[in-house]
Amino acid sequence: MLGYPNKLERIKEIAIYLRKSRQDEGLETEETLATHRKILTEISEQHRWKYDIYEEVASSIDMDIRTELTKMLKQIETGCYDAVLVMDVDRLSRSVKDSAIIKAILAEHDVFIITADLQVIDLNEDNDSLVSDFMDVLSSFEYKQIRKRMMRGKRAGAQDGKWNNGIAPLGYEVNKEKKTLEIIDEEAAIIKYIFQRATEKIGITSITDELNKRGYKTKRKRPFNDVGVRRIIKNETYKGLLIRHRLKKSGNKRELHPKEHWVVVKDAFPAIVSEEIWEAANDELTKRSTEPMKIRAKTFGLSGFTKCGYCGYTLTLRHRKDRKTDKIVRGCHRKYVNGQRCKNSSISYYAVMEAIFEQLKSYETKLQNDITKLEIQENTLQKERKGRLAALENQFKKIDSALKQIDIAWEEMIINLTEYKEKRQKLNGQKEILNQEIKVLNNILIKNDRDEVKKVLEDLDTFLHGNESLTAKQLNSRLRSFIEKIELYNDKDVEGSPRILLYFV
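Mapped onto my numbering, the consecutive letters of the sequence shown carry residue numbers 775 to 1279.
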């Protein structure tokens, strides 16, 4: 089970993992981490363990943005540590999916998890692994409740005109006492200039060039780019409007909430531009965004999600003038801030398509392997649950047998009434605990992403073996259901041959 002394004796070298979470209310980040660091290092020194410290601040449950955790796992894979020491198991992750990945790495390399109260979890023992799974489920639920309370607090603050969205946008600073925005005149002048030029029908790229030639900088003291300027023009804050709860997270994407769920506060902040100027600038922005789409009536299979790998610009497609039947992905000649242009050259549309289908076939093989791994994982979890249920049922039978023996002892006057009642009460209490655990085990749904991956694989297989009759628009739609983005690299001074990278959905 948990916390065997002989396991502690086996441990020589450990990793200490520290993470500040949303639960640590009332303490500053540094204060919290310092307190936890002191507790865990004292435990290590008491047991004479050699240790390395991995320390980070992250309220997110996602592994992808927790760099110290990633570093620690890489070191574990080299066999550096016997155990990971944490304040609580949920400090590793509240995401059930990420937790499964972390535990798989720890189990593979025979690394224990030790908590601040000296619980030792051996993930290669069925009982320890199952208890750890229960703790993951509880931690995930707890995280969701904390996040729900935070969102309620943010909505209440928004209705009072308070800024609770992190760093203030260019042109403003946060008044920490009032928790609202105040204008910075020097930065506000840049914002006014951007809106003025936009209302004068000047394009985004030209405005960006003008800003950088004048030496203006962003909030982070960096040169402006087209994306940043576009966001400034679309930002309602500059007309004094505060909108919260407009977006909701769905997987890795953000979607619009219905408008009736939005929190909209007019005159929440001092406006830098009038509503009339803001609307005029955005009207011009909308016109420039829609007109090219009307002109470019034909949709190619790669339209809209093919990007320059060097600068991120969306690449366009066209028929070559010298060969009308040949289509190409046009090169990128975007002008950088330093005046130089991107040298990503044109490439045959058909060559790109051929490379894409080759990568899709490899992706199909990967999905097949993923399904096999997920099936093994599911079978392992089912086996663990059955084993634990069998053990509990065996204990249950032993308790029933013990209760019968006590009844016999009472009837034969071997024990007195007080002893009889005490023994029955104790055994019935144990029986109730077993009943509860059996109930929990029977209600657990062992589920993974196998069915979802299987559906993607079926769709991909259908597409790969039946795409000949698709129109260009249908082909584009089907490709985008599997591929989020395509990056092309074809700078002939850098690449030996064109490189094509696919980012799958």
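Every residue gets a Cβ at the ideal spot worked out from N, C-alpha and C, and that includes glycine.
Legend entry - Buried or exposed (CB count within 10 angstroms, at least 16 for buried), F1074: Per the 10 Å Cβ criterion, buried.
Inset, instruction - Could you give the DSSP three-state label for A789: helix, strand or coil? - result: The DSSP-derived three-state label of A789 is strand.
Inset, instruction - Compare the Cα-Cα distances from K1109 to each of V1103, N1118, I1102 and K1101 and report the closest residue. - result: The residue from V1103, N1118, I1102 and K1101 with its alpha-carbon nearest to that of K1109 is N1118.
Inset, instruction - Kindly indicate the opening and closing residues of the beta strand (DSSP E) around R1018. - result: Per DSSP, R1018 belongs to the beta strand (DSSP E) from L1016 to R1018.
Inset, instruction - Using three-state DSSP, classify K1081 as helix, strand or coil. - result: Note: K1081 maps to strand in three-state DSSP.
Legend entry - Extent of the continuous beta strand (DSSP E) to which Y1263 belongs: Segment I1257 to Y1263, the beta strand (DSSP E) holding Y1263.
Legend entry - Pairwise C-alpha distance: I1145 and Y1137: If you take the alpha carbons of Y1137 and I1145, they lie about 12 Å apart.
Inset, instruction - Alpha carbon to alpha carbon, how far is L1244 from N1217? Give it in angstroms, no decimals. - result: In this structure, the straight-line span from the alpha carbon of N1217 to that of L1244 is close to 46 Å.
Inset, instruction - Confirm, please, whether the CB-CB distance from K975 to E1058 is below 8 Å. - result: It is a contact, given that the beta carbons lie within the stated cut-off.
Inset, instruction - Examine the Cβ distances between the segment 1074 to 1093 and the segment 1244 to 1263 and report whether three or more of them are shorter than 8 Å. - result: A contact exists between the segment 1074 to 1093 and the segment 1244 to 1263.
Legend entry - Three-state secondary structure assigned by DSSP to Q1150: Here residue 1150 is Ile; the residue named in the question, Gln, does not match the sequence. Correct three-state label for I1150: helix.
Inset, instruction - Quick one: give me the first and last residue of the alpha helix (DSSP H) that K1195 is part of. - result: Boundaries of the alpha helix (DSSP H) harbouring K1195: L1191 to N1217, taken from the DSSP string.
Inset, instruction - Consult DSSP for R1115 and reduce its assignment to one of helix, strand or coil. - result: DSSP places R1115 in the strand class (E or B) of the three-state scheme.
Legend entry - Residues near I1180 in its chain [Cβ-Cβ closer than 8 Å; skip 5 each side]: The residues are I1189, Y1194, K1197, R1198 and L1201.
Inset, instruction - Put V863 into one of helix, strand or coil per three-state DSSP. - result: Three-state DSSP puts V863 in a helix.
Inset, instruction - Report the three-state DSSP secondary structure of Y1137 (helix, strand or coil). - result: It is helical.
Inset, instruction - Given a cut-off of 8 Å, decide if Y1012 and G1105 are closer than it, judged by their beta-carbon atoms. - result: No.
Inset, instruction - Using beta-carbon positions only, say whether L843 and Y828 come within less than 8 Å of one another. - result: Yes.
Legend entry - E956 - DSSP class collapsed to helix/strand/coil: E956 falls in the strand class under three-state DSSP.
Inset, instruction - Determine the burial state of M861: buried for a count of at least 16 other Cβ atoms within 10 Å of its Cβ, exposed for fewer. - result: Buried, because 16 or more other Cβ atoms sit within 10 Å of the Cβ of M861.
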